[in-house]
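Beneath this line is the structure, given in structure tokens, with notes to follow.
2 protein chains.
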Amino acid sequence: MENFKHLVESYDGKLTTADRDLISIILSEPSEVVYLSSSELAAKANVHASTVVRMARKLGFEGYPDMRKSVRYDVDQNSGFANISQQRRTSIAHGSNLASLVEGEMAALAAVLNSVSQGQIDEGAQLLANADVIYLVGRSSAEPLMVHLNRRLRRAGLRVETLLNLQRRDMAERLISLQENDVVIAFGFQAPISLPASFEALIKHAQLIGAKTINIGDTSILTVRPRANLTLSVSRPDEGAMQLRSGVMIVCEALAMTLANKNPERALLGLESLERLRSDMQGE
Amino acid sequence: MENFKHLVESYDGKLTTADRDLISIILSEPSEVVYLSSSELAAKANVHASTVVRMARKLGFEGYPDMRKSVRYDVDQNSGFANISQQRRTSIAHGSNLASLVEGEMAALAAVLNSVSQGQIDEGAQLLANADVIYLVGRSSAEPLMVHLNRRLRRAGLRVETLLNLQRRDMAERLISLQENDVVIAFGFQAPISLPASFEALIKHAQLIGAKTINIGDTSILTVRPRANLTLSVSRPDEGAMQLRSGVMIVCEALAMTLANKNPERALLGLESLERLRSDMQGE
DNA sequence: AAATCTTTGCAATATATATTGCAAAGATTT
DNA sequence: AAATCTTTGCAATATATATTGCAAAGATTT
């Protein structure tokens, strides 16, 4: 099984960028590739057909059709969804962590749609679109989320400040600069430690200034008072020991995507200045 | 669905014996037929290739390849996986970002089990269990993953160093301290910028020292040479513009969980000293 | 900077596949 | 049985696909 992938892994000659691109396409959508001719595959990878043939030979195949045959074999092996769910069941029976994690996260993702509506996402995106500076506030368990959202928002051309794990005193110091047109996004989770220090004081302060607030997290944030302008609470089906926040992550992503669609010029600007900066710094 | 069968049923012209033989083969083993040329199919039915072409035209297709395309479509529809992505496509058409994101990530998670085995996870956990210091290396798109894994490993009582976004020179500086019993985990993704600077040099260096290396990422890391001791490559069904790394995240989590199970004393120690530290610092 | 090696696209060629006219064999009608 | 129609294979042709030599561009070494 998985002949082709195996073959690539164990191949120890040189592979060019074009080869890698091709391999990546073959591995990521093999079930498309099985129907493609050499030149069609080449087009998909923005590469010349001859490169396709040469790669096939490099990997030890007789030619392109031979390689495609091998991919077909792999795909036929893996297809038939009986196979998949059978695989899943057996690996769960085996006590496999990976399979049960996957299962759990899939359930969690499915549950997201019951917790958060597209309407709420739109609302959040609108708040962010109007924002001057966006503050992300949270404790360390929210750090991966904050890192990701920070990145996405900056790419959309927005100014973002991250306030991670701050004590009351330091947080106050960082928030003096908060202004009317800013937005505060505060992340809150129940276990093991709940909300960022002075979560409620934070929201009160923001409201006083006239800044908007968004709370994102699990069900524990539903009880925060005063209420934020928008509360995006994701409930988990198992609420267990899981540390992954896939559900919340996906909510953040949806916010960022909706925002980008809303404001394509600004996003483009952000990307352009990123590119310019990048090349400028390369030049040095 | 079942376009071809339908078409045949509703066809009211004359069909010869040869036609019927052909149709019977197509309907009884369509998943074979999708790969056959006209003459191969002809041979299977003990018929001449020209008959195949004529039948295709009779049924209203432009020619043999056109008919085969239709059969392919039917087969792809029925193959289970397609069902999921079709569902996804419709919800994208609906314009709901959140719902389509959720569908996409669920498909990505399901695909993880085809990319990575629990055996590989166990192997990785064993490497980590024996490690003295663990180095996490990656570029900024991997930062959320690194942040998360860092946290989890520290909680399991391990020493972790994070090398984010470093240039060759700085990375070299940080890696002088690399020793024989250490492990380097390097994250690599294709787009938009591929691998961390000097990815390959890094692995070479580690091997020289005798340290172990683990590569985690998408299919682009399969082609890295020299090979790491363990390569955990997660392929995505769509490989699209998605920035979320749920699949890879879950692999990291599985590593951490398996490790914690393997080494419960150490993990406990880690948690205890965390608690002690925490209360000590509260006291101040 | 010059020399060498590597990679890649182009264009020519080779091979495979699909299509069609024609004629022969078989079926059907008169 | 003769005439006509239908079906099919063969062989010629058209089209699509795969492969390869060659040269240019780029990367690497000297």
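Protein chains in written order, with this note's numbering: chain S, 207 to 490; chain W, 207 to 490.
Ideal placement from N, C-alpha and C gives every residue a C-beta, glycine not left out.
These numbers were taken from a predicted model, which means no experiment stands behind them.
Contacts around W/I229, its chain only, beta-carbon distance under 6 angstroms, and the 5 residues preceding and following it disregarded: V214
Residues, ordered as in the chain, of the stretch 413 to 424 of chain S that lie near chain W by beta-carbon distance below 9 angstroms: none
Distance, W/V277 Cα to W/A362 Cα: 53 angstroms
Straight-line Cα distance separating S/G266 from S/V258: 13 angstroms
Three-state secondary structure (DSSP) of S/K220: coil
Boundaries (first-last residue) of the beta strand (DSSP E) holding S/T437: 436 to 439
Own chain, CB closer than 7 angstroms to S/F395, minus 5 neighbours either side, in chain order: S347, A348, G423, D424, S426
9 angstroms Cβ cutoff, W/V433 in contact with chain S: Val is not the amino acid found at residue 433 of chain W; the sequence shown has Arg there. True, the Cβ-Cβ gap to chain S drops below 9 angstroms.
Chain S contact residues for W/M377, given Cβ-Cβ distances below 9 angstroms: Near W/M377 there are no residues of chain S at all, since even the closest Cβ is about 16 angstroms away, more than 9 angstroms.
Under the three-state DSSP convention, the category W/V253 falls into: coil
Inter-residue spacing [alpha-carbon to alpha-carbon] between S/I327 and W/A305: 11 angstroms
According to DSSP, residues forming a beta bridge with S/M211: Per the sequence presented here, residue 211 of chain S reads as Lys, with Met not at that position. BP columns for S/K211 are empty, so no partner.
Inter-stretch contact at 8 angstroms, needing at least 3 Cβ pairs: the stretch 304 to 318 of chain S / the stretch 331 to 340 of chain S: no
Near-chain W residues of the stretch 345 to 363 of chain S (beta-carbon distance less than 8 angstroms), N- to C-terminal order: S346, S347, E349, P350, L351, V353, H354, R357, R358
Chain S residues whose Cβ lies nearer than 8 angstroms to that of W/Q396: S230
Proximity below 9 angstroms, CB of W/G416 to CB of W/A317: no
For S/R365, the three-state DSSP class (helix, strand or coil): strand
Buried/exposed call for W/G301, threshold 16 Cβ in 10 Å: Reliability of the predicted coordinates at W/G301 is poor, the pLDDT of 49 falling under 50, and no value is obtained from them.
W/R358 beta carbon less than 9 angstroms from that of S/D218: no
Residues in the stretch 306 to 325 of chain S having any Cβ partner in chain W nearer than 8 angstroms: L307, V308, E311, M312, L315, A316, V318, L319, V322, S323, Q324
Buried or exposed (CB count within 10 angstroms, at least 16 for buried), W/E268: exposed
Residue environment, W/V240, which counts as buried when at least 16 other CB atoms sit within 10 Å: buried
Minimum Cβ-Cβ distance from S/V214 to chain W less than 9 angstroms: yes
Cβ-based neighbour list, S/V366, same chain, cut-off 7 angstroms, excluding 5 preceding and 5 following: I340, L342, N356, L359, R360
Assigned exposure category for W/G325 - 16 Cβ within 10 Å defines buried: exposed
Short CB-CB distance (under 9 angstroms) between S/L369 and chain W: no
Local conformation of W/F393 per DSSP, three classes: strand
Chain-ordered neighbours of W/I327 on chain S, where CB pairs are closer than 8 angstroms: N303, L304
Same chain only: Cβ atoms within 7 angstroms of S/S216, ignoring 5 sequence neighbours per side: none
C-alpha gap between W/I409 and W/A434, whole angstroms: 7 angstroms
C-alpha gap between S/G330 and S/L364, whole angstroms: 14 angstroms
CB of S/F393 within 9 angstroms of CB of S/L436, strictly: no
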